[in-house]
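One structure is given below, encoded as structure tokens.
Numbering (full-length UniProt numbering), first residue to last: 1 to 455.
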């Protein structure tokens, strides 16, 4: 499919059948090891089966061959492992149910993905940190409701994005990755009513065990994971929207990097479209859309039905891989993002002082009262030349001198605590850029993004 080729990252490997099979082997071996320690099976069983797995005798090809007969992936895996251990192969999967394996494997997969996603978040935060510091005092016009408001700094904008992404990361950090070894309906009956096997298996795998389950772990923690993905991509979508809007021809404050041979339009040669930002915004909507179907899996029937299985095989890889792609794309975007001083300055001065109406109002309020000052500024702010209108207003001039007005209308001196807030946010949430680019997929995704002109 086109989209799976276009928007993939190395994290897709985590969800391949081969990788999943390797994790299934790991879980089954952890079970045999635990059973051996507890004296429920001969200790040699673990050694024999592990030797077969380590030697590469338990193959994906043979497992898939058996699966075509059994139509059951876990049973196929169990048989493929068992037939390579003639003495103790019959003990593979002893006391377990398929979902003990599946849920524990899923927890391992999500753990791998979370580590990489958090690393990618840090890389994006490093770029936001760099931009926030570089433009700490670059004064630009702030906007509310799409209209000019009061001045901020470009660094203040980047600091806001830095904070939001850091907060979104915390959702992902807090998600519980829960394994399971509770048996067919969660009562440990096949294990003699003891939770010792669960405890040892979870210790071996480095997982937290769910405190209680049916046949499956509650799907709420999976929904929690996808919500965290949605929070991260929503934060990056807001960043993408800001870049898109500030790259508008009539705004011209930011510009995405543009390759020497890159094409913006097949028919309009002049176009330099913000395609990375647009792609981030579009794919973020797809990630958010994964929440609803996953929430449907929480309400499984009785101790479990199978409606969650097929859905999770689609929703989780889709949400995770697209989130990773968005993070890689955002990093690439920020690395090449240009702040355009001419556009910033033009827009800052476009209101001819009207964007400082709040400042004049506050200067008048002590003498005239806040409400009267507001009314005076409301009526004068629409004048073509705001400064001239102020100088012509007797009430204004009864309080302020021409020199006061000129000074108060300097946008460079009306950014409040913006630079200080940048420092505070960078200190609390900033990440210093790392020299290496060893994160999986950065180079590949950056190269793909740089050469890609269409969504």
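By construction, the Cβ of each residue, glycine as well, lies at the ideal position given by its N, Cα and C atoms.
So, with DSSP's three-state summary, where would you put residue 143? As a working mapping, residue 143 is identified with position 143 in the chain shown. In this structure, residue 143 counts as strand in the three-state DSSP scheme.
Beta-carbon proximity check, residue 117 vs residue 327, cutoff 8 Å: Residue 117 sits at position 117 when you count from the first residue of the chain shown. Residue 327 sits at position 327 when you count from the first residue of the chain shown. Against a cut-off of 8 Å, the Cβ pair of residue 327 and residue 117 comes out as a contact.
Check the C-beta distance from residue 172 over to residue 114 and give it rounded, since I have them as a contact under 8 Å. In the chain shown, counting from the first residue as 1, residue 172 sits at position 172. In the chain shown, counting from the first residue as 1, residue 114 sits at position 114. Yes, residue 172 and residue 114 are in contact; Cβ-Cβ is about 6 Å, under 8 Å.
Residue 105 and residue 93: beta carbons closer than 8 Å? Position 105 of the chain shown, counting from 1, holds the residue named residue 105. Position 93 of the chain shown, counting from 1, holds the residue named residue 93. With contacts defined as CB atoms closer than 8 Å, residue 105 and residue 93 fail to qualify as a contacting pair.
What does DSSP give as the partner residues of residue 148 in its beta bridges? To locate residue 148, count along the chain shown from 1; it is residue 148. Looking at the DSSP assignment, residue 148 forms a beta bridge with 143.
Spatially closest choice to residue 494 from 400, 80, 230, 31, by CA coordinates: Lying before the first or after the last residue shown, residue 494 is absent from the chain, which here runs from 1 to 455.
Identity of the residue in 213, 197, 179 nearest residue 458 by Cα: Coverage of the chain is limited to positions 1 through 455, which leaves residue 458 absent and any answer about it impossible.
Measure the Cβ-Cβ separation of residue 235 and residue 337 and say whether it is below 8 Å. Taking the first residue of the chain shown as position 1, residue 235 is located at position 235. Taking the first residue of the chain shown as position 1, residue 337 is located at position 337. No, they are not a contact pair.
Check whether residue 60 and residue 125 have beta carbons under 8 Å apart: Your numbering for residue 60 matches position 60 in the chain shown. Your numbering for residue 125 matches position 125 in the chain shown. Their beta carbons are not under 8 Å apart, which means residue 60 does not touch residue 125 by this criterion.
With a threshold of 16 other CB atoms inside 10 Å of the CB of residue 306, please say whether the residue is buried or exposed. As a first step, residue 306 must be located in the chain shown, where it is residue number 306. Residue 306 should be labelled exposed.
Indicate whether residue 169 and residue 121 have their beta-carbon atoms separated by less than 8 Å. Residue mapping note: residue 169 aligns to position 169 of the chain shown, counting from 1. Residue mapping note: residue 121 aligns to position 121 of the chain shown, counting from 1. When the beta-carbon positions are compared, residue 169 and residue 121 come within less than 8 Å of each other.
Taking the alpha helix (DSSP H) that residue 88 falls in, what are its first and last residues? Taking the chain shown and counting its residues from 1, the one referred to as residue 88 is at position 88. For residue 88, no alpha helix (DSSP H) encloses it, and the DSSP letter there is neither H nor E.
For residue 4, which residues of its own chain have a beta-carbon under 7 Å away from its beta-carbon, when the five flanking residues on both sides are left out? By 1-based counting over the chain shown, the position of residue 4 is 4. So no residue of the chain qualifies.
Terminal residues of the continuous alpha helix (DSSP H) containing residue 128? Looking up residue 128 in the chain shown gives position 128. Where residue 128 is concerned, the enclosing alpha helix (DSSP H) starts and stops at 98-134.
Tell me, please, which residues DSSP counts as bridged to residue 255. For the purposes of this step, residue 255 is taken as residue 255 along the chain shown, with counting starting at 1. Residue 255 is bridged to 338.
Among 283, 91, 216, 36, nearest to residue 107 - alpha-carbon criterion: Locating residue 107 in the chain shown gives position 107, counting from the first residue. Checked all of 283, 91, 216, 36; the closest Cα to residue 107 is 216.
According to DSSP, which residues form a beta bridge with residue 179? Translated into positions along the chain shown, residue 179 becomes position 179. Answer by DSSP bridge pairing, in chain order: 209.
Let's see if you can read the secondary structure: which residues bound the alpha helix (DSSP H) around residue 46? To locate residue 46, count along the chain shown from 1; it is residue 46. Following the DSSP letters along the chain, one finds residue 46 inside the alpha helix (DSSP H) bounded by residues 43-54.
Let's see if you can read the secondary structure: which residues bound the alpha helix (DSSP H) around residue 374? In the chain shown, counting from the first residue as 1, residue 374 sits at position 374. 370-380 is the extent of the alpha helix (DSSP H) around residue 374.
Give the range of the alpha helix (DSSP H) segment to which residue 402 is assigned. Taking the chain shown and counting its residues from 1, one reaches residue 402 at position 402. Residue range 402-408 is occupied by the alpha helix (DSSP H) that includes residue 402.
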